[in-house]
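For the sequence shown, position 129 matches number 129 in UniProt numbering, and the numbering has no gaps at all.
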Amino acid sequence: MDGRRRNPYELTQDTPVYVISVAAQLSGLHPQTLRQYDRLGLVSPDRTAGRGRRYSARDIELLRQVQQLSQDEGINLAGIKRIIELENQVATLQARVAELEDALDGAAAAMRQREAAVHASYRRDLVPYQEVQQTSALVVWRPKRQQQSD
């Protein structure tokens with residue numbers, strides 16, 4: 001969850017609001033077909049306290065998809081169930097990848113901050129060593145003599 005408090009009366013795609021007769025009408029299927037799909041685990045609506053089925057807008061869309069795969073594509077119900085399971089697995093994995101990418105981005109940003117802090121802590125009086133080219137020049141150095149006081 002994103003940390004915000006949700007309005008309990010807000011309707012979302014997953015809010016179970018449709019009774020079986022309305023869901024059947026919206027999906028173009030017979031109520032008995034919806035019961036069969038529920039028994040097979042293709043579309044599993046929420047249940048009320050009295051065990052009545054309540055379908056969400058997402059459930060209605062899934063019912064339409066099952067009908068399209070069955071009637072137009074000729075896929076049997078076992079195949080449709082496997083397709084739905086795989087699509088759910090892909091969605092779960094995509095969400096996990098997005099989570100891991102966010103974590104990786106955060107770790108990379110933290111590493112850059114730590115690296116910048118290390119660079120900022122370098123002593124400024126130290127100079128990086130650079131290789132000196134050898135020359136034939138002669139440098140004479142004489143220490144200053146200290147004056148003696150009488």
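Backbone N, C-alpha and C define an ideal beta-carbon position, used for all residues, glycine too. No experiment lies behind these values; they were computed from the predicted model shown.
Cα separation between residue i and residue j?
{"i": "Thr48", "j": "Ala108", "result": "47 Å"}
{"i": "Ser121", "j": "Arg114", "result": "11 Å"}
{"i": "Thr15", "j": "Arg53", "result": "12 Å"}
{"i": "Asn7", "j": "Arg124", "result": "57 Å"}
{"i": "Ala23", "j": "Tyr37", "result": "13 Å"}
{"i": "Ala98", "j": "Arg82", "result": "24 Å"}
{"i": "Gly106", "j": "Arg96", "result": "15 Å"}
Run through DSSP, which three-state label would residue i get?
{"i": "Asp38", "result": "helix"}
{"i": "Asp46", "result": "strand"}
{"i": "Pro8", "result": "coil"}
Within 10 angstroms of the Cβ of residue i, are there 16 or more other Cβ atoms? Answer buried if so, exposed if not.
{"i": "Ser136", "result": "exposed"}
{"i": "Ala116", "result": "exposed"}
{"i": "Tyr129", "result": "exposed"}
{"i": "Leu100", "result": "exposed"}
{"i": "Val118", "result": "exposed"}
{"i": "Asp59", "result": "buried"}
{"i": "Tyr9", "result": "exposed"}
{"i": "residue 163", "result": "Not covered by the structure: residue 163. The range shown for the chain is 1 to 150."}
{"i": "Leu29", "result": "buried"}
Which residue marks the beginning of the alpha helix (DSSP H) containing residue i, and which one marks its end?
{"i": "Thr92", "result": "Leu77 to Ala120"}
{"i": "Glu61", "result": "Ala57 to Gln71"}
{"i": "Gln13", "result": "First-last for Gln13: undefined, no H or E at that position."}
{"i": "Val140", "result": "Premise fails: Val140 is in no alpha helix (DSSP H) and is neither H nor E."}
Would the beta-carbon of residue i be found less than 7 Å away from any heavy atom of the ligand PLP?
{"i": "Ala117", "result": "Absent from the structure shown: the ligand PLP. Ligands present: none."}
With distances taken from CA atoms, which of the options is nearest residue i?
{"i": "Asp46", "options": "Tyr18, Ala24 and Leu26", "result": "Tyr18"}
{"i": "Ile80", "options": "Arg35, Val43 and Val22", "result": "Val43"}
{"i": "Arg39", "options": "Gln134, Leu93, Val140 and Ala78", "result": "Ala78"}
Against chain D, does residue i count as a neighbour if the rule is that its beta carbon must be under 8 Å from one of theirs?
{"i": "Val17", "result": "No chain D is part of this structure, which consists of one protein chain only."}
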